[in-house]
Amino acid sequence: MYDVAAVEDVKEGEVLSVLIKEQSIALIRVGGEVHAVGGRCPHKGAPLRGRLHCHSKVHGDVVVCPWHKAVFGVRDGKVKEPVAFSSLPVYPVRLVEGRVLVGVSPISAGEAQKCMEDSSVLVLGGGAAAASAIYTLREEGFGGSIVLIGEESLPPYDRPSLSKGIFLGGPDKVQPPLLLNEAFFAHHEITRVQGRVVSLDCKKRRVELADGRDYSADHVLIATGGQPVKPALPGIELDGVMTLHGVRDARQIAECITGEQAVILIGGGLTTLELASALRQKGAGVTIIAPEQAISMEAQWGREVGRILQRLHADNGVAFVTDSKVVRICGTDQVEGIELDDGMKLPCTHVLVAIGSEPCRDFLPDHIGKDSKNGMTGIVVDKDMRVMPGVYAAGDVAIFQHEGTFCRVEHWRQAQIEGRAAARTILGLPRQPMPVPWYWTQQFGKKLEYIGWGGPFDRVLIEGDLNGFDFMAAYMRGPKVVALVSAGRSSAMARAAVDFDDFVAKEVRTTVV
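In structure tokens, the structure reads:
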């Protein structure tokens, strides 16, 4: 064992990073004990150091990744909440005469006891929710058969990377990181089927594919996500009109759009802004048409943050049209431009549409998962992600209630959390409270993070340097903080992701002095 630190140097609530034989190890103190786990998050390699040790009401003592908020147990290193699909190694520790001694060989982690070996699960969809459900089932000991049916040939992959510039290196470089690789599927004996589901008999839990194949199981998880919405515009079917949903779309953008071309983006959300950032870095001319919001993201993030985001884009050559909408895409066979409702015509070679997505549920009977009171498209689930006995839904397609309000949260980490929750229901494990949704965006080298349920707010309190992208914004509804947006505060947002209410109470200023 190696003498790495004095016990008094390992502070409660802090993670002390040490290096032993080129291995990064994180030391965490809980009372009189010191624990040692891997010092980098297995998801993207984020260093675990600083104020990242938290106490979770659900999971006890945890360490949380500052980049993408994966949560791990301090004592066992296991994933407690997404986004990681691998546990942290745990190292032996001894405290001798006020010193911390750590071994370099990880403690062997025992496998979960096998259960439900005669049961079967059918997972529809190949995204984040599906991957998280499959990972959780096997990690918790599910010994039955698992079949994953998805339309894409790739295993589940990191879809958010598609809009953040993965296509900048050319079509051959568009290889998004896999969430679960081929070795995982082989080792855990999971069958992958490529095909399109055309019908689901929920009572019999039987699906039929477009090519006539059919599959049935004891449990069916619907994690089919959504598809981009295309507006009913003249010219919408012309060559050069694109959306971004899968890796095939990203490769098309990489292949077709060059740095000498002009591109029109229709939409005002984060996908549009991320695409604008990536395309400008490629050298393309970019104009965003977003009449629904004069200030980018104002409805979601408020006027103050929206203005600095829009200024960031303008400073990098992105043009905005916010007082007119597109009425026609011009061209004979190929896009040549767009026409606005004020008569103005703007030339371009490509039009990218990013105005939202529609949940994929066309294989279901109309009455399944519908609730006339919510007026939303998707599949309504109960608090356990259950649609009906033996049928579950998770991810972008799922609608659930939070504090009496119907929600459909279209974000990557949230999809994984819901997939995990559905798997726990299948396994008969206790329900865990759903954490407050978190997501992030990267634009022109600036990272912003959001945590909240996306509800309304009436004022915004900002601490820090807004223009310098080093701030924390608290979104208030009456006296209550309902959301946070930050830049340059990744460790703070990691603590907020573990226990939002406790973080707000202890670390967020809600009084103007």
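Using our numbering, read the sequence shown as starting at 729 and increasing by one per residue. We put the CB at the ideal spot given by N, CA and C, even for glycine.
Within 10 angstroms of the Cβ of residue i, are there 16 or more other Cβ atoms? Answer buried if so, exposed if not.
| i | result |
| --- | --- |
| K739 | exposed |
| L852 | buried |
| Y1178 | buried |
| A911 | exposed |
| L823 | exposed |
| R1039 | exposed |
| S1024 | buried |
| T952 | buried |
| E809 | buried |
| K1010 | buried |
| H915 | exposed |
| P1087 | buried |
| V1119 | buried |
| V1241 | Residue confidence is low: V1241 scores 41 on pLDDT, short of 50, so the model does not pin down where it sits. No coordinate-derived value is stated. |
| R777 | buried |
| F1231 | buried |
| H1095 | exposed |
| V957 | exposed |
| R976 | exposed |
| L1007 | buried |
| D731 | exposed |
| R1031 | exposed |
| T999 | buried |
| R1205 | exposed |
| V828 | buried |
| V818 | buried |
| A1202 | buried |
| L747 | exposed |
| R1136 | buried |
| G1180 | buried |
| Q1028 | buried |
| G773 | exposed |
According to DSSP, residue i sits in a beta bridge with which residue or residues?
| i | result |
| --- | --- |
| D967 | Q1062 |
| V875 | L850, T919 |
| D1229 | Paired residue(s): none; D1229 is not in a bridge. |
| Y1120 | L949, R1114 |
| D942 | E936 |
| F870 | C843 |
| K1208 | R1205 |
| P1087 | G954 |
| F800 | V791, V807 |
| M880 | Correcting the residue type first, residue 880 is Glu in the shown sequence and not Met. None; E880 has no bridge partner. |
| D1193 | D1198 |
| Q751 | I748 |
| Q989 | Paired residue(s): none; Q989 is not in a bridge. |
| T697 | Residue 697 cannot be examined here, being either before or after the span of the chain that is shown, 729 to 1241. |
| P1270 | In the structure as shown, the chain begins at 729 and stops at 1241. Residue 1270 is therefore absent and cannot be evaluated. |
| Y863 | Paired residue(s): none; Y863 is not in a bridge. |
| L1176 | T1169 |
Between residue i and residue j, how many whole angstroms is the CB-CB distance? I'm expecting something under 8 Å.
| i | j | result |
| --- | --- | --- |
| K797 | R1141 | 6 Å |
| A861 | A1122 | 7 Å |
| A1143 | L1176 | About 20 Å; that fails the 8 Å criterion. |
| V1226 | S745 | So it is not a contact: roughly 19 Å between Cβ atoms. |
| M1113 | A1149 | 5 Å |
| L907 | P884 | 4 Å |
| L805 | G766 | Before going further, note that residue 805 is Gly rather than Leu in the sequence given. That belief holds up - the Cβ atoms of G805 and G766 are roughly 7 Å apart, short of 8 Å. |
| V1063 | V1046 | About 19 Å separates the two Cβ atoms, so there is no contact after all. |
| V832 | Q751 | 6 Å |
Could you work out which residue in the options is closest to residue i when comparing CA atoms only?
| i | options | result |
| --- | --- | --- |
| A858 | V1063, K1208, A1126 | A1126 |
| A734 | L780, V821, G766 | V821 |
| I1017 | A1004, R941, A978, K749 | A1004 |
| V758 | Y730, R803, R777, P770 | R803 |
| G1097 | I874, Y943, L949, A938 | L949 |
| D939 | D1070, C930, I874, Q922 | Q922 |
| Q1170 | M1162, P1184, F1197, R1159 | F1197 |
| V849 | A945, V1063, G1013, A1042 | A945 |
| I918 | M1200, V875, G995 | V875 |
| R1187 | D1051, T1238, R934, K1174 | T1238 |
| W1249 | K1234, A1027, A1220 | Nothing in the structure corresponds to residue 1249, since the chain is present only between 729 and 1241. |
| T1050 | I1036, P1075, S752, Q1021 | Q1021 |
| D1090 | L882, R920, V935 | V935 |
| R979 | G898, G995, V1033 | G898 |
| P775 | C782, V786, V792 | V792 |
| E1138 | P1184, F1199, L1001, Q955 | Q955 |
Any heavy atom of the ligand FAD within a distance shorter than 6 Å of the CB on residue i?
| i | result |
| --- | --- |
| L1074 | Ligands in the displayed structure: none, and consequently the ligand FAD is not present. |
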